[in-house]
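Those protein sequences? They're chains P and Z, same order as listed.
Those letters in the first sequence? Residues 66 to 181, per this note's numbering, in order.
Those letters in the second sequence? Residues 64 to 177, per this note's numbering, in order.
Each residue gets a CB set at the ideal place from its N, CA and C atoms; glycine is no exception.
This one's a predicted model, so the numbers in the text were calculated from it and none came from an experiment.
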Amino acid sequence: DAGVTQSPTHLIKTRGQQVTLRCSPKSGHDTVSWYQQALGQGPQFIFQYYEEEERQRGNFPDRFSGHQFPNYSSELNVNALLLGDSALYLCASSSGTGQLSGNTIYFGEGSWLTVV
Amino acid sequence: KNQVEQSPQSLIILEGKNCTLQCNYTVSPFSNLRWYKQDTGRGPVSLTIMTFSENTKSNGRYTATLDADTKQSSLHITASQLSDSASYICVVSTSRDGYNKLIFGAGTRLAVHP
């Protein structure tokens, strides 16, 4: 049973470019959340997708957008990249919108984005 | 403001020793509290999940406690091993508008030396 898979694992982009990160949730999970984790910091919530719709959003600008497909996989898109966007981007999957009730949330290994 | 604060920021211990990591939170309403272990450059891995009514939960050599009255939690690691070297993140789940949200602490970086 594959866990949460993310791609690519590492990538380097220049300022102003656009990037797309991908995530496949754990089998049986239908909810995907994205987080940004700067070096030495805890993850910061970007947004959550459930039933192909964005259900919650953190304090991130519109440059950050996403999508969820019918097979529950998800993409995170970041436009007009800034140096400060350099971070580890984590995808987390769960069942339902429940980051609650003791449901275990599984994280992928993350995508390391470096903006130069 | 919903916040999760962890202490110490970093910790060095010798292999075989015990240690305790602290987590204080000001999150309301409270749904549950989770501890995660995150190896450098890897995704977080769940250690424990505790709801309001639980005050202790173990996972092997890891034991988490929760005092919902004082809004404090601790993670105790017994007989530490070199592989315990990682960041340990305290996460509190809250709810708003019918949806639940995770509030992450900055983590405690633990280094276990031989």
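- The C-alpha of residue 144 of chain P is placed about 26 Å away from the C-alpha of residue 95 of chain P.
- CA-CA distance, residue 180 of chain P to residue 86 of chain P, rounds to 14 Å.
- Of all residues in the stretch 112-136 of chain Z, only 112, 114 come within less than 7 Å of chain P when Cβ atoms are compared, listed by chain position.
- The Cβ-Cβ distance between residue 111 of chain Z and residue 122 of chain Z falls below 7 Å.
- Look at residue 92 of chain Z: its C-beta is not under 7 Å from any C-beta on chain P.
- Here the alpha carbons of residue 136 of chain P and residue 106 of chain P stand approximately 32 Å from one another.
- Per DSSP, the unbroken beta strand (DSSP E) holding residue 131 of chain P starts and ends at 129-133.
- Interface with chain P (7 Å Cβ-Cβ cutoff): residue 75 of chain Z is excluded.
- Among the residues of the stretch 149-177 of chain Z, those with a Cβ less than 7 Å away from any Cβ of chain P are 152, 156, 158, 162, 163, 164, 165, 167, 168, 169, 170, in the order of the chain.
- Close to chain P, meaning a Cβ-Cβ distance shorter than 9 Å, are the following residues of the stretch 77-111 of chain Z: 94, 95, 97, 99, 101, 104, 105, 106, 107, 108, 109.
- Z:169 is the residue among Z:176, Z:177, Z:169 whose C-alpha sits nearest the C-alpha of residue 66 of chain Z.
- Contact annotation for residue 174 of chain P against chain Z: 105, 106 [CB-CB distance below 7 Å, chain order].
- For residue 118 of chain P, the enclosing beta strand (DSSP E) starts and ends at 118-122.
- Only exposed fits residue 142 of chain Z, as fewer than 16 other CB atoms lie within 10 angstroms of its CB.
- Contact with chain Z is found for residue 120 of chain P, since one of that chain's Cβ atoms lies less than 7 Å from the residue's Cβ.
- Within a 10 Å sphere around the beta-carbon of residue 80 of chain Z sit fewer than 16 other beta-carbons, which makes this residue exposed.
- The Cβ-Cβ distance between residue 98 of chain P and residue 152 of chain P does not fall below 7 Å.
- Rounded to whole angstroms, the separation of the alpha carbons of residue 156 of chain Z and residue 162 of chain Z is 10 Å.
- The Cβ atoms of residue 108 of chain Z and residue 120 of chain Z lie no closer than 7 Å to each other.
- In this structure, residue 171 of chain Z sits near residue 151 of chain Z, with a CB-CB distance shorter than 7 Å.
- Neighbours of residue 179 of chain P in chain Z, taken as residues whose beta carbon is under 7 Å from its own, are absent, since the nearest beta carbon is some 13 Å off.
- Interface flag for residue 131 of chain P against chain Z is unset, since no Cβ pair is found closer than 7 Å.
- Distances from the CA of residue 177 of chain Z to each of Z:124, Z:146, Z:90 were compared; the closest alpha carbon is that of Z:146.
- Taking the Cα of residue 130 of chain Z as reference, the smallest distance to any Cα among Z:95, Z:106, Z:175, Z:140 is reached at Z:95.
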